[in-house]
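Peer 1:
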DNA sequence: TTAAAACCTACTGAATTGGTTGGTTATATG
DNA sequence: CATATAACCAACCAATTCAGTAGGTTTTAA
């Protein structure tokens, strides 16, 4: 499993926010109910998105979250890398991984590199706007 | 992380066996030493490969493992699906997963399907023979 | 008979996953 | 000003997976 619930839920929340973009701040309570996800769990996932300027949250009554750009400006890959930490297909290619001993002679290394490249390339080719067209 | 040590090690063992194909049965003790992998851990990973006819093990002194076909006849994807159980990018697409409630309305479902399709397609396009050319 | 190999079963420590509990702080509204 | 509602924050937790270990049994060549 490459993408856990963190990334999957984050993506669904972003699509939900995109779909209700015109209605001002959207409280997470509503999104949680619509998406059938625990509100408390969502509250743990969202901070990384607001800290990086992907969404903005307004406190208090009438508050909620809003996108900061148009849906076409969000790449799925960016959202997933932020919430998942990494999209590397194997541990030895992850950001904080200890440099592999057999790096120079490993016959499978370029396989994993190319796989990772293709995964990121595909996820970067899809935007939130593309996903909005999916729901019916 | 899509592929754990199980799949990664299995692949390296298969490449090692391919490279020593002409030398008759290769004991896992030798492979473990060459690949710097725990012999006991390898012994836990290999049974699924021999049970499915990918390799054949001969007992006793002078025994070991051997490939059952030419390296070009092994697709990397097959080896990984066997040792990892699944190459689904998300839990809701895994073989034994409970059918998702929002399956029909989920705006991200086709994204995951297409991602999984691309991952499998790439890994099925590479063979053991391709990986043999990598090591130097 | 013995050494060496595959093969089998049970256990284990550490990390990750997928949350829950229980708050604090900020703000719009009556 | 009180209150309801929202984001935000920190600690904890059960279950599962990961990456092995430990300790065998069975099979076979020499």
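Residue numbers (our numbering), protein chains in the order written: chain A, 869 to 1004; chain B, 869 to 1004.
Even glycine gets a Cβ: it sits at the ideal position worked out from N, Cα and C.
Just reading off the alpha helix (DSSP H) that residue 870 of chain A is part of, what are its end residues?
Peer 2: Neither: residue 870 of chain A is in no alpha helix (DSSP H) and is coded neither H nor E.
Peer 1: Compare the C-beta of residue 899 of chain A against all C-beta atoms of chain B and say whether one is closer than 8 Å.
Peer 2: With 8 Å as the cut-off, residue 899 of chain A does not count as an interface residue toward chain B.
Peer 1: Is residue 903 of chain A helix, strand or coil when you go by DSSP?
Peer 2: Reduced to three states, the DSSP call for residue 903 of chain A is helix.
Peer 1: Does any C-beta atom of chain A lie closer than 8 Å to the C-beta of residue 983 of chain B?
Peer 2: With 8 Å as the cut-off, residue 983 of chain B counts as an interface residue toward chain A.
Peer 1: Within 10 angstroms of its Cβ, does residue 926 of chain A collect 16 or more other Cβ (buried), or is it exposed?
Peer 2: So residue 926 of chain A counts as exposed.
Peer 1: Quick check on residue 876 of chain A: buried or exposed, where buried means 16 or more other Cβ atoms within 10 Å of its Cβ?
Peer 2: By the neighbour-count rule (16 or more Cβ atoms within 10 Å), residue 876 of chain A is buried.
Peer 1: If you draw a straight line from the alpha carbon of residue 986 of chain B to that of residue 942 of chain B, how long is it in whole angstroms?
Peer 2: One C-alpha to the other measures close to 19 Å.
Peer 1: Under 7 Å between beta-carbons, which chain B residues line up against residue 986 of chain A? List them in chain order, please.
Peer 2: What residue 986 of chain A touches in chain B: 986 and 990.
Peer 1: Over the uninterrupted alpha helix (DSSP H) stretch that includes residue 984 of chain B, give me the two end residues.
Peer 2: Per DSSP, residue 984 of chain B belongs to the alpha helix (DSSP H) from 977-992.
Peer 1: Out of B/958, B/967, B/873 and B/884, which one is the CA nearest neighbour of residue 874 of chain A?
Peer 2: Among B/958, B/967, B/873 and B/884, the Cα nearest to that of residue 874 of chain A is on B/958.
Peer 1: Can you give me the Cβ contacts of residue 880 of chain B inside the same chain, cut-off strictly under 6 Å, excluding the 5 residues immediately before and after it?
Peer 2: Result list for residue 880 of chain B: 903, in chain order.
Peer 1: For a test of the three-state rule: what should DSSP assign to residue 930 of chain B, helix, strand or coil?
Peer 2: DSSP places residue 930 of chain B in coil when its eight states are reduced to three.
Peer 1: Where does residue 886 of chain A land, buried or exposed, given buried means 16+ other C-beta within 10 angstroms?
Peer 2: When all chains shown are included, residue 886 of chain A counts as buried.
Peer 1: Please check if any C-beta of chain A sits within less than 8 Å of the C-beta of residue 969 of chain B.
Peer 2: Chain A contact via Cβ: present.
Peer 1: Would the beta-carbon of residue 999 of chain A fall within 8 Å of that of residue 973 of chain B?
Peer 2: Cβ atoms of residue 999 of chain A and residue 973 of chain B: not closer than 8 Å.
Peer 1: Answer with buried or exposed for residue 966 of chain B, where buried requires no fewer than 16 other C-beta atoms within 10 angstroms of its C-beta.
Peer 2: Exposed.
Peer 1: With a threshold of 8 Å between beta-carbons, can residue 959 of chain B be considered close to chain A, or not?
Peer 2: Chain A contact via Cβ: present.
Peer 1: Could you tell me whether the Cβ of residue 956 of chain A comes closer than 8 Å to any Cβ of chain B?
Peer 2: Judged by the 8 Å Cβ criterion, residue 956 of chain A is in contact with chain B.
Peer 1: If we ignore side chains and look at the alpha-carbon of each, how far apart do residue 936 of chain B and residue 893 of chain B end up?
Peer 2: Near 11 Å, if we compare the C-alpha coordinates of residue 893 of chain B and residue 936 of chain B.
Peer 1: Quick one: what's got a C-beta closer than 6 Å to residue 895 of chain A's C-beta in the same chain, skipping five residues either side?
Peer 2: Excluding positions up to five away in sequence, the list reads 932.
Peer 1: Taking 8 Å as the CB-CB cut-off, is residue 890 of chain A touching chain B?
Peer 2: For residue 890 of chain A, the answer is no, since every Cβ of chain B falls outside 8 Å of its Cβ.
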